[in-house]
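Engineer: Dropping the structure in here first, questions after.
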């Protein structure tokens, strides 16, 4: 989830094959961007969602393209 200009949780561990859903609860738009370019959402307005399926194991860094100080780490096992 995205709330108060933060990804929550800031660190997440999931199994390979899992789909992660981000929901923007803020009144400002946010994006969900992988630093390696694997995925990039459009601008999410309040209550909009974005999903990505993590098929490969690894550590994925995520940030908001509009507010780059918003970061999250997703570990796929």
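Residue numbers (the numbering used here): 135 to 211. Glycine included, every Cβ here is placed at the ideal spot set by N, Cα and C.
According to DSSP, residue 164 sits in a beta bridge with which residue or residues?
Structural biologist: For residue 164, which the question treats as bridged, DSSP gives the partners 178.
Engineer: At the level of alpha carbons, what is the spacing between residue 189 and residue 150?
Structural biologist: Taking the straight line joining both Cα atoms gives about 5 Å.
Engineer: What is the rounded straight-line gap between the Cα of residue 180 and the Cα of residue 205?
Structural biologist: Rounded to the nearest angstrom, the two C-alpha atoms are 18 Å apart.
Engineer: Express the C-alpha separation of residue 158 and residue 178 in angstroms, rounding to a whole number.
Structural biologist: Roughly 6 Å separates the two Cα atoms.
Engineer: Report the residue from 147, 164, 153, 176 whose alpha carbon sits nearest the alpha carbon of residue 138.
Structural biologist: Nearest option by C-alpha distance: 164.
Engineer: Using C-beta distances below 7 Å, list every residue in its chain close to residue 201, excluding the 5 sequence neighbours before and after it, in chain order.
Structural biologist: Cβ within range, chain order: 139, 164.
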